[in-house]
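Heads up: the structure comes next, in structure tokens.
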Amino acid sequence: MIGQSIDLRERTILALDFQTIGEVEQCLSQLEGQIRYVKVGMELFYAAGPEVIYSLKEQGLRIFLDMKTHDIPNTAKGAMKSLARLGVDMINVHAAGGKAMMAAAREGLEEGTPAGSPRPLLIGVTMLTSTSQTVMNRELGIPGTVEEAVLQYAVLTKEAGLDGVVASPLEVPMIKKVAGGSFLTVTPGIRPKGAEAGDQSRITTPKEAFDLGSDYIVIGRAVTAARDPLAVWQAVVGK
Ligand code: C5P
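If you're matching positions, the sequence shown starts at 2 in my numbering and goes up one per residue.
Take a look at the structure:
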């Protein structure tokens, strides 16, 4: 768990869910150099490719590459080996791929990380924050509560040798209890007070997320689609 005295800008990851580098640049310029950590997901990476990573790195930003890899172990390993060469800070795979896949992903990441560079943090996605219990039970055919499924995935992720999980902030206390305080929690599903939930289901405010023990929060549309993104950003992390 981190204290409020730590600079929240280092722990607040802005999701750059755009399709062009131009839109990314416009968003970052509106935020006047206050961003430290960004997330590049499938929407941006599939459209803009490795170039966008190089460009963000040149600006001194830390990068969470959110590709949510989920495949057979050999393919997941190869994917991580390729992505490790980009020099990002954090990367993820779906825990639902199983322990062997996650362990293979870690091996690939270690093999692909350039000598002398730190290995990117490897994080397992538990249950997407857009998934409600009804959807999980009726559509995915997974019985029990979302909390039970998330815990099972968190334990599996730890056993596979990963550094932490993506989960809802609501699940952080029980994850820390079972997996230990140093097992990282990265939490999307963040909505400042009064903001639209949109397609997210298991949500909290930024303050609630940090109070619950999140190591990193991920926030996207509440900032990027706001009329005044800088004002929302400053309300989240302070001035
Ligand atoms: O716009 P919003 O704040 O909902 O964005 C959340 C971001 O976090 C999106 O980029 C989404 O892909 C990502 N994410 C998520 N839930 C997960 C994993 C990642 O919402 N479990």
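The beta-carbon is built from N, C-alpha and C at its ideal position, and this holds for glycine as well.
Looking at C-beta atoms only, is the number of pairs between the stretch 172-180 and the stretch 111-126 that lie closer than 8 Å three or more?
no
Taking the CB atoms as reference points, tell me whether S131 and D18 lie closer together than 8 Å.
Counting from one through the sequence shown, the residue named residue 131 turns up at place 130. Counting from one through the sequence shown, the residue named residue 18 turns up at place 17. Not a contact, by the Cβ cut-off of 8 Å.
Within 10 Å of its beta-carbon, does K240 have 16 or more other beta-carbons around it, so buried, or fewer, so exposed?
Taking the sequence shown and counting its residues from 1, one reaches residue 240 at position 239. So K240 counts as exposed.
Do the stretch 178-194 and the stretch 132-151 touch if we need at least three Cβ pairs shorter than 8 Å?
no
By DSSP's criteria, H95 is part of a beta bridge. Which residues make up the other side?
Counting from 1 along the sequence shown, the entry for residue 95 is found at position 94. V126.
Can you check which of these residues, V224, T188, V233 and L231, is closest to D12 by C-alpha distance?
Taking the first residue of the sequence shown as 1, we reach residue 12 at position 11. According to the sequence as given, residue 12 is Arg; it is not Asp. When only C-alpha atoms are compared, the closest one is T188.
Return yes when at least one heavy atom of the ligand C5P lies under 7 Å from the C-beta of P115, else no.
Walking along the sequence shown from the start, residue 115 turns up at place 114. No, since every heavy atom of the ligand C5P falls outside the 7 Å radius drawn around the Cβ of P115.
Tell me where the alpha helix (DSSP H) around A150 begins and ends.
Mapped onto the sequence shown, residue 150 falls at position 149. Taken as a continuous stretch (DSSP letters only), the alpha helix (DSSP H) holding A150 covers V147 to E160.
Based on the DSSP secondary-structure assignment, which residues constitute the bridge partners of T70?
In the sequence shown, the residue the question calls residue 70 occupies position 69. BP columns for T70 point to V94.
If we require 3 or more residues per run, which beta strand (DSSP E) segments fall completely within the stretch 151-232?
165-167, 185-188 and 217-220
With a Cβ-Cβ cutoff of 8 Å, do T158 and V166 count as a contact?
Taking the sequence shown and counting its residues from 1, one reaches residue 158 at position 157. Taking the sequence shown and counting its residues from 1, one reaches residue 166 at position 165. Taking 8 Å as the cut-off, the Cβ atoms of T158 and V166 count as close.
Please state the DSSP three-state secondary structure of M2.
Locating residue 2 in the sequence shown gives position 1, counting from the first residue. Because the pLDDT of M2 is 48, which lies under 50, any placement of that residue in the model is unreliable, and the number read from its coordinates should be weighed accordingly. Three-state DSSP puts M2 in coil, outside helix and strand.
Return the chain-ordered list of same chain residues with a C-beta closer than 6 Å to the C-beta of M128, the five sequence neighbours on each side being excluded.
The residue given as residue 128 occupies position 127 in the sequence shown. Excluding residues within five positions, the ones whose Cβ falls inside 6 Å are V147, A150 and V151.
Can you tell me whether DSSP reads V39 as helix, strand or coil?
The count along the sequence shown starts at 1 and reaches residue 39 at position 38. DSSP places V39 in strand when its eight states are reduced to three.
Just checking, does the stretch 70-83 make contact with the stretch 44-56 on the three C-beta pairs under 8 Å criterion?
no
Since I252 and V94 should fall inside the 8 Å C-beta cutoff, what is the C-beta to C-beta distance between them, to a whole number of angstroms?
Not covered by the structure: residue 252. The range shown for the chain is 2 to 240.
Among M91, L9, L122 and G79, which residue has its Cα nearest to the Cα of M102?
As a first step, residue 102 is located in the sequence shown; it is residue number 101 there, counting from the start. Ranking the options by Cα distance to M102, first place goes to G79.
Hey, would you say M81 sits closer than 8 Å to G113, going by beta carbons?
In the sequence shown, counting from the first residue as 1, residue 81 sits at position 80. In the sequence shown, counting from the first residue as 1, residue 113 sits at position 112. Yes.
Excluding five sequence neighbours on each side, which residues of the same chain lie with their C-beta closer than 6 Å to the C-beta of V25?
Working through the sequence shown from its first residue, we reach residue 25 at position 24. Closer than 6 Å at Cβ, skipping near neighbours: L17 and F19.
If E33 and L213 are in contact, beta carbons under 8 Å, what's the gap, nearest whole angstrom?
For the purposes of this step, residue 33 is taken as residue 32 along the sequence shown, with counting starting at 1. For the purposes of this step, residue 213 is taken as residue 212 along the sequence shown, with counting starting at 1. With 8 Å as the limit, E33 and L213 do not qualify as a contact, their Cβ atoms being about 29 Å apart.
Does A104 come out as helix, strand or coil in the three-state DSSP assignment?
In the sequence shown, residue 104 corresponds to position 103, counting from 1. Helix.
Bridge partners for I64 per DSSP, in chain order?
Here the question's residue 64 lines up with position 63 in the sequence shown. DSSP output for I64 lists V39 as bridge partner(s).
With 16 as the cutoff for other CB atoms within 10 Å, does A198 come out buried or exposed?
As a position in the sequence shown, residue 198 is number 197, starting the count at 1. Exposed is the call here.
Across which residues does DSSP place T13 in a beta bridge pair?
Looking up residue 13 in the sequence shown gives position 12. According to DSSP, T13 bridges with I218.
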